[in-house]
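Written below as C-alpha cells is the structure these notes are about.
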Amino acid sequence: MQHINIKLRMKSVHFLLNVAILALATSIACAYDPSPLQDFCVAIDDPKKALFVNGKFCKNPKLVKPNDFSTSGLNIPRPTINAVGSNVTMVNVDIIPGLNTLGITLVRIDYAPNGGENPPHIHPRGSEILFVAEGTLYVGFVSSNQDNNRLFSKILKKGDVFVFPIGMIHFQVNLGHTPAVAFASLSSQNAGVVTVANTVFGSNPPINPYVLARAFKLDKNVVIKLQKQFFAENNS
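Residues in the sequence shown are numbered from 26 upward in steps of one, following this note's numbering.
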C-alpha cells in the first residue's frame with residue numbers, strides 16, 4: 026500500500042512539473058508577436074475586403090503587390106533641430122503594410138552634434154538591436170527593480186552594435202561634434218514607445234503634482250513647472 030502511495034505521489038509531482046513548464050512556455054510564447062499562420066498578411070484599412078489578424082485587416086493575397094513590402098528614403102538625413110536633438114524615423118506596419126504578422130520593425134535615428142539624444146524611453150512590446158552607422162554614441166539601459174536597477178552602458182563607435190532588452194528603459198546620446206546616425210531593428214511589427222519624461226510629466230490630464238513631488242523628491246512647484254513644459258510639448 027505504501028509503495029502505491031509513493032507511486033501516486035511521484036505521478037502527481039511529475040504532472041505538476043509538466044503543468045508548470047507548459048505555463049512557463051505559454052507565457053514566453055505570448056510575450057511577443059504571434060507567429061503567422063500564412064505566408065503574409067498585408068495590412069489594409071477596408072474591412073469589407075479583409076480578414077482581421079494581429080490588429081490589422083489583411084488584404085486579399087491575390088491583390089498583394091511588391092510595393093506592399095517596400096519603402097524608401099532611409100538614406101536621407103532627418104532634421105534634428107528640436108528639444109532633444111534627435112529624429113526617429115520608424116518603418117513599422119504603418120509604413121510597410123507587408124510587415125503585418127511578421128514581428129519586425131526597422132528604425133533610423135539621427136542625432137544632432139554635441140549631445141543630441143534619444144531620451145530615456147521604453148518599447149513595451151519589443152527588444153531592440155542598434156547598429157551605429159556614423160558617429161560616437163553613449164548608450165545604455167537600466168534593469169528592473171528586481172535586478173536593483175543596474176545601468177548597462179557603453180560608448181559605441183561606427184560599426185558597433187548594442188542590444189536593449191524588451192521593456193527596459195534605454196537611451197542614446199551623441200558624444201561627437203558631428204551628426205550621428207544609427208539603425209535599429211525591433212522584435213515587433215509595432216513595438217510601441219513610452220518616453221519616460223513626456224509620459225510622467227506630460228500626461229493628459231496631468232498626474233497630481235503631490236504624487237510626483239513625493240516620488241521624485243522634488244518641490245511641488247518644480248513638478249508643476251515641468252508638467253506645464255512637457256504638456257505643452259506633447260500637445261504642440
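Note that beta-carbon positions come from the ideal geometry of N, C-alpha and C, so glycine has one too.
Assigned exposure category for residue i - 16 Cβ within 10 Å defines buried
i	result
Gln214	buried
Asn306	Past the boundaries of the shown model lies residue 306; the chain is included only from 26 to 261, so the question cannot be answered.
Gly98	exposed
Three-way DSSP call (helix, strand, coil) for residue i in this model
i	result
Ile69	strand
Pro230	coil
Gln254	helix
Asn112	strand
Ala209	strand
Pro149	coil
Lys84	strand
Thr96	coil
Ile101	coil
Ile154	strand
Counterpart residues of residue i in DSSP-defined beta bridges
i	result
Ser178	Gly165
Ile194	Val167
Chain-order list of residues whose beta-carbon lies under 7 Å from that of residue i (same chain, five-residue window excluded)
i	result
Phe94	Ile121 and Gly123
Asn246	none
Close beta carbons around residue i, own chain, < 6 Å, minus the five adjacent residues each side
i	result
Met115	Val132
Phe256	Gly227
Cβ contact (3+ pairs, closer than 8 Å) linking the stretch 182 to 200 and the stretch 133 to 149: Result yes; three or more Cβ-Cβ pairs closer than 8 Å.
At least three beta-carbon pairs within less than 8 Å, the stretch 244 to 258 to the stretch 215 to 229: yes
The stretch 181 to 190 in contact with the stretch 148 to 155 per 3-pair CB rule at 8 Å: yes
The stretch 173 to 181 contacting the stretch 81 to 91, beta-carbon criterion three pairs below 8 Å: no
Contact the stretch 199 to 210 vs the stretch 126 to 135: 3+ CB pairs below 8 Å: yes
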